[in-house]
Every structure is written in C-alpha cells, then in structure tokens.
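Peer 1: Quick one: this structure, given as structure tokens, is what I'll be asking you about.
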C-alpha cells in the first residue's frame with residue numbers, strides 16, 4: 004500500500020514538474036511574442052509615411068469605362084451556356100437589372116382581389132376532398 008502511495012506521489016511530482024516547465028515555456032513564448040510585437044510597432048513607426056485617406060478617394064467606375072470596349076463582342080455559344088448554367092450574368096443583363104430596380108413597381112390589380120367567405124369554405128372543402136380522394140386512390144391501388 005505504501006509502495007503504491009509512494010509511486011503515486013512520485014507520479015504527481017513528475018506531473019507537477021512537467022506542468023511547471025510547460026508554464027515556463029508558455030511565459031517565455033508570451034514574452035518573446037510581446038517583444039516581437041513591440042519591434043514591429045517600432046519598425047512601423049520608423050518607416051511611417053504620410054498616407055492618403057481612402058475615404059476621400061473616388062473609386063473609378065469600372066463598368067462604364069469598360070462597357071464600350073466589350074459592347075459588340077460576340078461570346079461563343081458554349082461560354083454563354085456555361086455562364087447560364089453557373090448563373091453568371093453579362094454586363095448588359097446587370098445594367099438592365101439595375102435600371103429595373105430603380106423604377107418603381109407597377110400596381111398589381113390582383114393584390115386587391117377579395118374572396119367571399121362562402122366561396123373560401125367551398126374551395127377549401129373541395130381541395131380537402133380532392134386530396135383525400137387522391138390519397139385513398141394512391142393507397143388503395145398501390
């Protein structure tokens with residue numbers, strides 16, 4: 004019993020020593036990382052040049068500047084099919100979509116259709132009866 008306890012104490016001491024070494028290694032790595040970060044900040048401060056504010060710069064309108072160049076270019080049929088399958092749109096299609104988004108939507112007369120209460124129940128009852136009949140037929144004859 005005492006031999007087992009002594010072995011367990013030795014194992015615990017070994018684990019504690021290992022954990023202590025691991026903590027020291029972590030502390031050393033953190034100190035090294037902190038020093039490296041400080042060195043990087045110092046190097047950046049030494050090499051700092053006046054910078055332009057990106058918000059003040061205007062982005063060039065790429066689509067309008069390139070569109071005259073590619074307006075009359077014929078795209079091969081296979082490329083058109085591949086673009087269609089992958090959902091890629093041409094510049095003209097994108098331009099048409101942007102114009103459509105800018106225009107207000109027309110009023111839809113079918114949104115104002117009102118169904119009377121008795122027809123509501125009649126149509127829903129008929130739909131339920133048809134569904135029940137179809138399910139019965141499918142179940143009975145399958």
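In our numbering, the protein residues as written are 4 to 145.
Note that CB positions come from ideal geometry on N, CA and C, so glycine has one too.
Quick caveat, the model's predicted, so the values are computed rather than measured.
1. Alpha carbon to alpha carbon, what distance is there between residue 30 and residue 16?
2. Expressed to the nearest angstrom, what Euclidean distance is found between the alpha-carbon atoms of residue 19 and residue 33?
3. Return the residue from the list 107, 78, 109 and 106 that minimises the CA-CA distance to residue 95.
4. Determine the DSSP secondary structure at residue 92, reduced to helix, strand or coil.
5. To the nearest angstrom, how far is it from the Cα of residue 22 to the Cα of residue 12?
Peer 2: The relevant details are as follows:
1. In the chain shown, the residue the question calls residue 16 occupies position 13. In the chain shown, the residue the question calls residue 30 occupies position 27. Taken atom to atom, the span from the alpha-carbon of residue 16 to that of residue 30 is near 21 Å.
2. Residue numbering aside, residue 19 sits at position 16 when the chain shown is read from its first letter. Residue numbering aside, residue 33 sits at position 30 when the chain shown is read from its first letter. When rounded, the distance between both Cα atoms is 21 Å.
3. The count along the chain shown starts at 1 and reaches residue 95 at position 92. Its Cα nearest to that of residue 95, the residue 78 stands out among 107, 78, 109 and 106.
4. Residue numbering aside, residue 92 sits at position 89 when the chain shown is read from its first letter. Residue 92 falls in the coil class under three-state DSSP.
5. Locating residue 22 in the chain shown gives position 19, where the first residue counts as 1. Locating residue 12 in the chain shown gives position 9, where the first residue counts as 1. Cα to Cα, residue 22 sits roughly 15 Å from residue 12.
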